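Accompanying notes for the structure given below.
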Amino acid sequence: MAATSAASLLPDSLLLNGRRFYYHDIRQYPAQAPQDLNGYEARVLDFCRQWLNGALEFGLHTSGSTGQPQLRTMKREQLAASARRTGDYFDLGPGDRMLVCLNCEYVGGIMMLVRGFERNMHLTIVEPHADPLALLPEDEEFDFTSFVPLQLRTVLAAGHGPRLNQMKGILVGGAAVEKSLEQEIRALTVPVYLTYGMTETASHIALRRLNGPEPQTAYRVLPGIAVAQDARGCLTVRADVTDQQLITTNDRVQLLDAHTFEWLGRADFVINSGGVKVQAEKVEQVLEVALMELGQSRRAFVAGRPDARLGEQVTAFVEGAGLPPAQQEHLRTLLSQRLGKYEVPREFVFVPEFRTTASGKLDRPATLRDVAG
């Protein structure tokens, strides 16, 4: 009886942008597909066709946030291993309902699909949107989802917190989570985890709890993942999700033990100013808080610009119009009080609008090229 009950929960279809597609039709895609699909829907269904038909290799594009996007070939077992690990962690199983609102042309969204297939979950897929819940009936409930920070901020601003609190867990990743958003997340009762991972590791290999009685400051590596450091202090990863190959990242970390690490910043975001190495992300965190205190909720990042005397000077790039002189001076004072002498930005560059990648991440190189051009 229990087996029959469990079998009745197994999905035979998925919802994509409000339309139902049955697995037996998806396996024959595009022969059984409607003629009015848009490009995104067609690409999602093509990946689903490959997975449901047992394809053994998949081409996944990197996000391009720190360089040109690249195509990586990943084995089916790497993706399945990652999906099993997340499923075990969040106790996801047959009949659970998953909202897929990340871009399914990149690893974050693709892995949501794989988790759904591997755990026999009901998949509701919507095209990427700032507030994906606004596209769905108000009474539709879910057990699990993953957002980029912009989506989570928009969802909370729209008053969807009670719907989120009905879930087993929420992942957030793809970009940095601002301090103001962290404060909003702490008001939620649903467990919310910041992810650490990349295309080469088939999505996340470590999680950091952002809310609950004791929010975490360090990432906890998932079971079965081996991490270490190279000579630069950058994280290395080896596991089934990397096909047992050693992946060397550009992320500087502090290993607290074999399973826990604090993320310090990217090695290629270190600014050498007068012989002093400045980690850009540390300055960015302080800058973000200072802007908030001035009532300026803006995106900002820090990078080095050529300087005849220092080699590189620490420069802050702030999105939007320039600040009034008095407010900008106040900002400098706040930063001087909280940062070392060589860490304080020597120049503020105001950029009307930052460039973003196709996956929605801040595109630093393109933004810097725009400024230089």
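Everything in the sequence shown is counted per the UniProt record's numbering, starting at 1 for the first residue and increasing by one. We put the CB at the ideal spot given by N, CA and C, even for glycine. Owing to the predicted nature of the structure, the values given are computational and were not obtained by experimental measurement.
Query	Result
Between the CA atoms of P223 and A6 - distance to the nearest angstrom	Low local confidence applies: a pLDDT of 45 at A6 is under 50, so the model's placement there is unreliable, with the coordinate-based value given in what follows. Their Cα atoms are separated by approximately 27 Å.
Residue ranges of each beta strand (DSSP E) within the segment 105 to 193, 3 or longer	122 to 125, 144 to 147, 169 to 172
Contact belief for E118 with R84 at Cβ below 8 Å, rounded distance in angstroms	6 Å
Backbone CA spacing between N17 and E127 [nearest angstrom]	7 Å
Those residues which DSSP pairs with K277 across a bridge	N272
Whether T79 touches V44 by CB criterion (9 Å)	It is Leu, not Thr, that sits at residue 79 in the sequence shown. Not a contact, by the Cβ cut-off of 9 Å.
In DSSP terms, what K75 is bridged to	E57
Secondary structure of G93, DSSP reduced to three states	coil
Pairwise C-alpha distance: E281 and G265	6 Å
contact_flag[the segment 137 to 154, the segment 34 to 43] where n(CB pairs < 8 Å) is 3 or more	no
Cβ neighbour criterion (16 or more within 10 Å) applied to H24	exposed
Bridge-paired residues (DSSP) for R43	Bridge partners of R43: none, in fact.
CA-to-CA distance, D91 to V371, given in whole angstroms	47 Å
Where R20 falls, given that 16 or more other Cβ within 10 Å makes a residue buried	exposed
Separation of T217 from A300, as counted between CA atoms	22 Å
The beta strand (DSSP E) enclosing L14, as first and last residue numbers	13 to 16
CB contact flag (R369, L362, <9 Å)	no
Span separating the alpha-carbon of R346 from that of Q337	14 Å
Residue from L135, F261, V148 whose Cα sits closest to the Cα of V177	V148
Test item: CB-CB of T199 and L207 under 9 Å	no
Within 9 Å, strictly: CB atoms of F350 and E312	no
Status (buried if at least 16 other CB within 10 Å, exposed otherwise) for N38	exposed
Beta-carbon proximity list for K168, same chain, < 8 Å, skipping 5 on both sides	F90, D91, L92, D96, D143, F144, V190, P191
Reduced DSSP secondary structure (H/G/I, E/B, other) of Y29	coil
Rounded separation between Q229 and D240 - CA only	18 Å
Beta-carbon proximity check, A258 vs V221, cutoff 9 Å	yes
Member of V237, R252, D251 whose CA lies at the smallest distance from the CA of Q245	V237
Residues near V283 in its chain [Cβ-Cβ closer than 6 Å; skip 5 each side]	V302, E343
A316 burial status per 10 Å Cβ neighbour count (16 or more: buried)	buried
Same chain only: Cβ atoms within 6 Å of L15, ignoring 5 sequence neighbours per side	T124
Three-state secondary structure assigned by DSSP to Q313	strand
Chain-order list of residues whose beta-carbon lies under 7 Å from that of residue 395 (same chain, five-residue window excluded)	A query on residue 395 cannot be resolved here, the shown segment of the chain reaching from 1 to 373 and no further.
Buried/exposed call for D12, threshold 16 Cβ in 10 Å	exposed
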